[in-house]
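One structure is given here, and the rest of the page talks about it.
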Amino acid sequence: MEKLVSLAKRRGFIYPGSEIYGGLSGTWDYGPLGVALKNNIKNVWWRMFVDSRDDMYGVDAAILMNQKVWEASGHVGGFSDPLVECKKCKRRFRADQIGGPSTKLGAGKCPECGGSFGNVRQFNMMFKTHVGAAEDESSVSYLRPETAGGIFVNFKNIVDSFHPRLPFGIAQIGKAFRNEIAPRDFLFRVRELEQMEVEYFVRPSEWEKAFEEWRKLVFAFTDAVGISRGAVHELEVPDGERAHYSKRTIDFEFDFPFGRKELCGLAYRTDFDLSAHAKASGATLSIVDKEGEAPIVPHCIEPSFGIERTVLALLVSAYTEDTLGGETRTYLKFNPDVAPIKAAVFPLLKNKPELVAKAREIYTALKKDVPQILWDDNGNIGKRYRRQDEIGTPACITIDFQTLEDGTVTVRDRDTGTQERRSISALRGIIAPHTGL
Ligand code: ATP
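Take the sequence shown: its letter number 77 is residue 76 in numbering that gives the first Met the number 0, and every next letter is one higher.
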């Protein structure tokens with residue numbers, strides 16, 4: 000993990016939040032390569048679950064919502080984790096994370112100082128704020144703790160605008176906020192996160208079929224971004240441990256360096272949310288699915304992916320150390336579809352104007368079609384290769400003297416280090432398929 004965190008910072012993927020002020024626990028800032036990686040992940044997800052399907056509707060709802068949304072959804076009352084405080088050093092922990100029971104007196108000893116714990120109390124994880132100038136109970140709002148809330152409140156809008164038939168889904172990618180008691184493990188547990196969620200609405204009798212379909216689709220997504228299949232494991236969450244709205248949940252866990260932990264989840268939320276919002280708001284949140292049939296409140300299957308954990312799983316999956324040409328190297332073996340930079344273009348020598356001019360010409364023409372390419376003429380070619388390896392660039396294109404004669408360049412493969420001569424006209428075809436174009 001230390002190597003990953005340091006590479007991510009050094010090469011401009013991820014920086015600690017508010018770093019020059021000493022940081023802010025549970026927050027991370029994405030640098031240029033991190034943004035590109037994240038956008039590529041989101042694009043794969045959106046293409047797979049929205050654009051390539053006829054039964055999905057995308058939304059981008061406000062993060063601040065009427066407080067009644069979170070009262071109805073049960074989050075004001077129940078979105079909490081068990082908190083214990085060490086009587087000696089006053090540090091706070093999540094009781095269930097340090098092996099204690101979640102409801103009784105904090106068991107065990109403080110992992111930091113060996114002190115004993117006080118009583119367990121429930122700590123609500125929503126960030127509370129006020130909207131507008133008045134700071135009274137009526138102006139209370141919350142930063143949303145999951146994007147799902149914004150989907151359920153738009154159910155009626157989507158039905159009224161598009162008249163979908165069941166089954167259909169509403170998808171959203173966006174920020175969510177959780178005031179985690181103990182943020183930790185780099186991107187794994189943060190306080191400001193981004194989720195990619197679908198609420199898939201089905202006839203009540205068809206939830207099991209849809210659940211099974213989404214089970215496969217979760218793996219289709221982890222495969223598509225390049226998370227190794229062997230490192231993802233399903234965990235059937237037992238009764239009593241599921242979220243308050245769920246009748247069945249599978250956690251998809253990943254073998255992180257700090258243990259096997261949840262990467263994403265699949266939950267059967269029944270009609271809990273639509274019924275609760277219908278009751279609390281007075282809106283009709285049912286649908287006439289077949290002519291002549293009585294209106295029904297659909298049931299809902301929710302695949303929920305966190306971007307931070309996806310980024311972390313990808314970094315872990317991609318991080319590779321090997322020996323190439325007698326030298327040890329570190330490289331990120333990203334699937335080209337998510338690699339932040341698709342190719343780097345170099346003139347073999349920086350001080351030969353004819354090479355630089357030709358390389359610039361090729362770079363400029365390629366960049367029009369494939370924006371995610373990079374120019375590098377710093378240092379010798381070996382150093383440039385190492386730099387690109389470290390950020391996971393799948394291909395390096397070098398313009399040399401032969402290019403001036405026959406219009407071919409070398410294309411060097413990140414994983415094997417082998418070089419092939421290819422014609423300039425073939426370059427777009429090599430790179431563009433990985434850009435989603
Ligand atoms: P955990 O049990 O690890 O706290 P959770 O079961 O509360 O997670 P969900 O409510 O199912 O998580 O959220 C859906 C997804 O959002 C998770 O699978 C994860 O990818 C992501 N996620 C949730 N909380 C965090 C967090 N604090 N930091 C990073 N990602 C998170």
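Where a beta carbon is used, it is the ideal one built from N, C-alpha and C, also for glycine.
task: Measuring alpha carbon to alpha carbon, tell me which of Arg411, Thr407, Arg427 and Glu198 ends up nearest Arg421.
output: Thr407
query: Would Cys112 be called buried (16 or more neighbouring beta carbons within 10 Å of its own) or exposed?
result: exposed
- prompt: From Gly229, Val224 and Phe251, pick the residue whose C-alpha is nearest to that of Glu235; which is it?
  reply: Phe251
- prompt: Is DSSP giving Thr102 helix, strand or coil here?
  reply: Only weak support exists for where Thr102 lies, its pLDDT of 45 falling under 50; the value from the coordinates is given anyway. Of the three classes helix, strand and coil, the one that applies to Thr102 here is coil, per DSSP.
message: Taking its Cβ as the centre, do 16 or more other Cβ atoms sit within 10 Å of Val217, making it buried, or is it exposed?
response: buried
task: Could you tell me the distance, in whole angstroms, from the CA atom of Ser204 to the CA atom of Asp270?
output: 12 Å
- prompt: Comparing the CB of Val189 with every heavy atom of the ligand ATP, is any distance shorter than 6 Å?
  reply: yes
When Val410, Pro297 and Val355 are compared against Pro163, the one with the closest alpha-carbon: Pro297
message: Give me, in chain order, the residues of the same chain whose beta-carbon lies closer than 7 Å to that of His243; leave out the 5 immediate sequence neighbours on both sides.
response: Gly73 and Gly77
task: Answer with buried or exposed for Asp375, where buried requires no fewer than 16 other C-beta atoms within 10 angstroms of its C-beta.
output: buried
task: Since I believe Glu196 is in contact with Glu301 (beta carbons under 8 Å), could you give me their beta-carbon distance rounded to a whole number of angstroms?
output: 6 Å
query: Can the beta-carbon of Ile150 be found less than 7 Å from the beta-carbon of Arg93?
result: no
task: Report the rounded CA-to-CA distance for Arg90 versus Glu240, giving the unit in angstroms.
output: 26 Å
task: Could you pull out every unbroken alpha helix (DSSP H) segment of at least 4 residues lying fully inside the segment 335-396, listed in chain order?
output: 352-368 and 380-390
task: Would you please state the rounded distance, in angstroms, between the beta carbons of Ile340 and Ile372? I believe it to be under 8 Å.
output: 7 Å
query: Secondary structure at Gly258, three-state DSSP: helix, strand or coil?
result: strand
task: Pick out whichever of Lys332, Ser303 and Ala132 has its Cα sitting closest to the Cα of Ser227.
output: Lys332
message: For Thr434 and Leu36, what's the separation of their Cα atoms in angstroms?
response: 12 Å
- prompt: So the alpha helix (DSSP H) Arg438 belongs to, where does it begin and stop?
  reply: Outside the displayed range of the chain (0 to 436) lies residue 438, so it cannot be described from this structure.
message: Counting C-beta neighbours from all protein chains within 10 Å, is the total for Glu292 16 or more, i.e. buried, or is it exposed?
response: exposed
query: Roughly how many angstroms separate the alpha carbons of Ala266 and Lys87, rounded to a whole number?
result: 40 Å
- prompt: Okay, do the segment 387-399 and the segment 340-355 touch, 3+ Cβ pairs below 8 Å being the bar?
  reply: yes
- request: Quick one: using the 10 Å Cβ neighbour count with 16 as the cut-off for buried, is Leu63 buried or exposed?
  value: exposed
Straight-line Cα distance separating His129 from Tyr141: 8 Å
Closest Cα partner of Glu326 within the set Val315, Arg359 and Gly416: Gly416
query: Whole-angstrom Cβ separation of Ala499 and Gly57, contact assumed at under 8 Å?
result: In the structure as shown, the chain starts at 0 and stops at 436, and residue 499 therefore has no counterpart that could be examined.
field: Residue interval of the alpha helix (DSSP H) (run including Thr409)
entry: Not the alpha helix (DSSP H): Thr409 falls in the beta strand (DSSP E), residues Thr407 to Asp412.
query: Okay, do the segment 35-52 and the segment 352-370 touch, 3+ Cβ pairs below 8 Å being the bar?
result: no
query: Which residues bound the beta strand (DSSP E) around Asp95?
result: Asp95 -> no beta strand (DSSP E), and no H or E assigned at all.
- request: Compute the Euclidean distance between the alpha carbons of Thr283 and Phe255, then round it to the nearest angstrom.
  value: 44 Å
query: Whose CA, out of Glu212, Tyr29, Leu313 and Glu353, lies closest to the CA of Glu404?
result: Glu353
- request: Can you give me the Cβ contacts of Asp288 inside the same chain, cut-off strictly under 7 Å, excluding the 5 residues immediately before and after it?
  value: Arg164, Leu165, Arg202 and Ile295
Same chain only: Cβ atoms within 7 Å of Gln401, ignoring 5 sequence neighbours per side: Thr407
field: Glu179: CB within 6 Å of a non-hydrogen atom of the ligand ATP
entry: yes
query: Are the beta-carbon atoms belonging to Gly264 and Ser316 less than 7 Å from one another?
result: no
message: Taking 7 Å as the threshold (C-beta atoms), are Arg190 and Gly30 in contact?
response: no
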